[in-house]
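Here is the structure we will look at, set down as structure tokens.
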Amino acid sequence: MTVATTEPEQFRGLRIEVDPHARALEVDDVTKVFRQGPGLIGRMRGKREERKRVVAVDHVSFVVERGEIFGVLGPNGTGKSTLIRLMSTLLMPDTGRVRIFGLDVERDEAQVKRLINRVSVEASFFKKLSPMENLMYGARLYGVDPAYARRKVVEILTRLGLENRSIGSSMEDMSRGMQQKVAIARAFLTAPVLLLLDEPTTGLDPHSKREVQAAVRELRDTHEATVVLTTHDMQEADELCDRIAIVDKGRIVALDTPAALKDMVRQAGEAPPSLEDVFLRLTGKKLEEADKEAELT
Amino acid sequence: MTMAFHELRASYAFVERNINLVKRYWGWELVWMLYTIANSLAVVLIARGANTAVGGQPLSTAQVDTLILFLAIGALVWHYLAVVFQTVSEMISWERWEGTIEYTFMAPVRRGTHMVGTALFSLVYGFAHTAVVLVIVVLAFDLNMSHANYVSASAVLIAGSLSLVGIGIMGAVLPLLYPERGAEMTHVIQAALVLISGVYITASEMPEPLATISIFSPATYVIEGIRSALIDGEGFAELWPTMVGLVASGFLMIPLGVYVFSLGERYAKRTGRLKRSG
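The listed protein sequences correspond, in order, to chains X and D. So the first sequence is residues 538 to 834, counted in the working numbering. So the second sequence is residues 14 to 291, counted in the working numbering.
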């Protein structure tokens with residue numbers, strides 16, 4: 538199967554063959570532990586605190602099928618971003634394996650990178666550069682034809698609501714919502730087959746949030762992409778995701794379709810439960826409380 | 014072949030991005046240029062005032078001119094080498110400041126491509142920057158360059174740049190491993206190089222152990238070679254051993270730098286050091 542699914546002639550030297558039967562994403566018993574506290578130099582300088590062991594991802598396993606929008610729902614500090622980093626070759630797991638279209642993220646890193654793109658909660662751009670300059674940088678890295686990319690940047694950004702004059706102006710003057718739209722456009726431009734979205738709508742106003750969500754759906758529908766989305770927005774997860782994994786303290790506590798998750802906790806005679814109710818029943822706390830707890834630790 | 018072509022083209026992404034950054038930060042570039050000019054002129058002025066400062070048997074005008082040229086070459090060549098080293102060693106620091114390190118590290122290009130692109134930019138940028146300062150120093154001091162062999166001087170400079178790129182790549186691992194203080198650590202390497210490389214004094218005249226240590230610095234040979242080319246007019250016939258040595262040193266330093274960096278990158282990915290922005 539040729540992976541660059543749309544307008545492949547625009548991707549020079551980057552199309553790769555993958556197993557047509559392989560699943561989009563397989564996370565198999567993955568664990569990631571970080572150690573915090575003084576390192577070797579700190580200890581040599583007399584710092585006596587013990588190094589703290591933080592289990593960010595704790596024996597997590599799941600599979601995402603092609604074309605799915607898969608949600609990872611949980612409070613802050615529960616390992617969602619770590620999971621995304623493990624999938625995007627930015628972190629190595631301590632145990633277990635992550636496979637993307639059958640390719641191991643550690644062993645086949647170079648090939649995996651050609652299949653993915655990631656939009657993170659903080660828009661990672663050279664803030665002095667314009668959206669056009671930033672996106673052209675991305676386009677060149679991903680082997681997109683520069684002439685095609687220039688046309689496409691204007692087309693995508695205009696569709697996402699950016700004015701023409703903003704496309705050539707420095708990004709430091711843009712709102713966070715605008716920057717996030719440019720981040721989405723950058724992902725669109727490279728037409729990834731697996732798009733990793735790490736809280737892409739956090740901090741956005743409702744209007745921008747809806748536009749970003751529409752863009753995600755469009756990417757899946759028109760580019761046949763598979764999407765993994767982390768969020769702590771219950772409504773967003775409910776509306777956007779085909780299946781959701783609820784995570785707490787680095788572990789998956791439930792995984793199913795939004796409807797099935799709600800059915801799981803539905804009780805006779807009560808109003809239909811929301812995902813908030815599902816989270817409360819499964820973890821014993823409200824998402825907001827869990828967020829506050831994470832901020833304190 | 015297609016992949017090699019892609020990697021080559023992708024390396025231009027870093028050149029173009031850095032050129033765009035230079036354009037956008039033009040105010041800072043202007044300040045940096047003025048600082049460099051002031052610094053270079055201050056060093057060269059030492060020669061102009063040598064007679065007054067030392068007293069005794071005065072130096073002849075020709076001797077003062079030679080001293081001016083000696084110091085000017087030291088200052089300018091060191092400036093060029095420092096720009097090359099700094100641009101390469103700061104490639105990670107820049108990404109950390111801007112918050113783009115994860116995006117760049119996730120992109121489907123080899124780290125070697127990233128480094129080649131950065132190194133290419135550093136050579137062009139260093140050359141252009143130094144050329145401007147050179148013109149101003151030559152005009153300010155009316156330097157006698159009648160014996161200068163510019164071709165062999167340029168060849169020594171290019172050959173010597175390779176080693177500095179290699180050392181810069183090794184230095185770049187520091188901001189990768191130490192997000193908070195790594196950039197400052199690269200300045201320590203730079204300060205050590207300026208101390209041991211005979212920038213303002215012939216390396217062999219330095220006190221021990223600096224004179225012995227200077228043997229191991231490629232910058233020592235670049236500066237000596239360029240002085241021989243520009244002051245004494247030496248050409249390829251005299252300077253080829255220096256050039257061959259510098260190229261050989263570059264071919265050793267660059268792969269060594271890439272290897273050290275790859276170990277650092279692996280460690281950073283194991284311990285989660287890519288995400289901290291310092």
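Here a beta-carbon is modelled for each residue, glycine too, at the ideal position from N, C-alpha and C.
CB contact below 8 Å: residue i versus chain D
i, result
"F638 of chain X", "no"
"F663 of chain X", "yes"
"R677 of chain X", "yes"
"F571 of chain X", "yes"
"S625 of chain X", "yes"
"E813 of chain X", "no"
"S657 of chain X", "yes"
"S706 of chain X", "no"
"K650 of chain X", "yes"
"M538 of chain X", "A caution first: M538 of chain X carries a pLDDT of 32, below 50, which makes its placement in the model too unreliable to give a value."
"V555 of chain X", "no"
"R622 of chain X", "yes"
"L562 of chain X", "no"
"L731 of chain X", "no"
Supposed contact pair residue j and residue i - C-beta distance, whole angstroms, cut 8 Å
i, j, result
"S210 of chain D", "T225 of chain D", "Rounded, the Cβ-Cβ distance is 13 Å, inconsistent with contact."
"G639 of chain X", "D556 of chain X", "4 Å"
"R634 of chain X", "V600 of chain X", "Not really, about 12 Å apart at Cβ, beyond 8 Å."
"I182 of chain D", "V90 of chain D", "Not quite, the Cβ-Cβ distance comes to about 21 Å (not below 8 Å), so this is no contact."
Burial state of residue i (16 or more Cβ within 10 Å)
i, result
"E544 of chain X", "Note that E544 of chain X has pLDDT 49, beneath the 50 cutoff, so the model's placement of it is unreliable and no number is given."
"F264 of chain D", "exposed"
"I231 of chain D", "The identity of residue 231 of chain D in the sequence shown is Pro, whereas the question assumes Ile. It counts as buried."
"E692 of chain X", "exposed"
"K569 of chain X", "buried"
"E776 of chain X", "exposed"
"A51 of chain D", "exposed"
"I789 of chain X", "buried"
"R590 of chain X", "exposed"
"Q573 of chain X", "exposed"
"L276 of chain D", "exposed"
"D735 of chain X", "buried"
"V784 of chain X", "buried"
"M16 of chain D", "exposed"
"T794 of chain X", "exposed"
"F249 of chain D", "exposed"
"K650 of chain X", "buried"
"V96 of chain D", "buried"
Cutoff 8 Å: residue i Cβ touching any chain X Cβ
i, result
"F372 of chain D", "Residue 372 of chain D lies beyond the residue range present for chain D, which begins at 14 and ends at 291; the question has no answer from this structure."
"H19 of chain D", "yes"
"T199 of chain D", "no"
"L187 of chain D", "no"
"R38 of chain D", "It should be noted that the sequence gives Tyr, not Arg, for residue 38 of chain D. It does: the Cβ of Y38 of chain D has a partner Cβ on chain X nearer than 8 Å."
"T143 of chain D", "no"
"L287 of chain D", "yes"
Any chain A beta carbon closer than 8 Å to residue i
i, result
"T763 of chain X", "Chain labels in this structure do not include chain A; the protein chains are X and D."
Whole-angstrom distance between residue j and residue i, CA atom to CA atom
i, j, result
"R818 of chain X", "N613 of chain X", "18 Å"
"P668 of chain X", "L792 of chain X", "37 Å"
"A132 of chain D", "S703 of chain X", "31 Å"
"D710 of chain X", "I171 of chain D", "40 Å"
"L243 of chain D", "L252 of chain D", "12 Å"
"G62 of chain D", "H200 of chain D", "30 Å"
"L189 of chain D", "D645 of chain X", "23 Å"
"M198 of chain D", "V129 of chain D", "22 Å"
"V802 of chain X", "E108 of chain D", "46 Å"
"R757 of chain X", "Q750 of chain X", "11 Å"
"L34 of chain D", "T117 of chain D", "16 Å"
"Q648 of chain X", "K689 of chain X", "24 Å"
"G550 of chain X", "L726 of chain X", "Residue confidence is low: G550 of chain X scores 47 on pLDDT, short of 50, so the model does not pin down where it sits. Its coordinate-derived value is still stated next. The alpha-carbon atoms of G550 of chain X and L726 of chain X are separated by roughly 16 Å."
"M624 of chain X", "D814 of chain X", "29 Å"
"A141 of chain D", "L82 of chain D", "20 Å"
"L562 of chain X", "I781 of chain X", "14 Å"
"R636 of chain X", "G112 of chain D", "27 Å"
Cross-chain neighbours of residue i in chain D, by beta carbon under 8 Å
i, result
"A647 of chain X", "P121, R123"
"M629 of chain X", "R279, K282, R283"
Proximal chain D residues relative to residue i, where beta-carbon distance stays under 7 Å
i, result
"E670 of chain X", "N33"
"Y685 of chain X", "Under the 7 Å cutoff, chain D gives no residues; its nearest Cβ is about 14 Å from Y685 of chain X."
Contacts that residue i makes with chain X (C-beta to C-beta distance below 7 Å)
i, result
"F118 of chain D", "L627"
"L276 of chain D", "The contacting residues do not exist; L276 of chain D stays about 13 Å from chain X at best."
"T113 of chain D", "S661, F662, F663"
"A26 of chain D", "Y674, R677, L678"
Chain X contact residues for residue i, given Cβ-Cβ distances below 8 Å
i, result
"A23 of chain D", "R677, L678, G680"
"R30 of chain D", "F663, L666, E670, Y674"
Neighbour list for residue i in chain D, Cβ cutoff strictly below 9 Å
i, result
"L777 of chain X", "Correct list: empty, because the minimum Cβ distance to chain D is about 23 Å."
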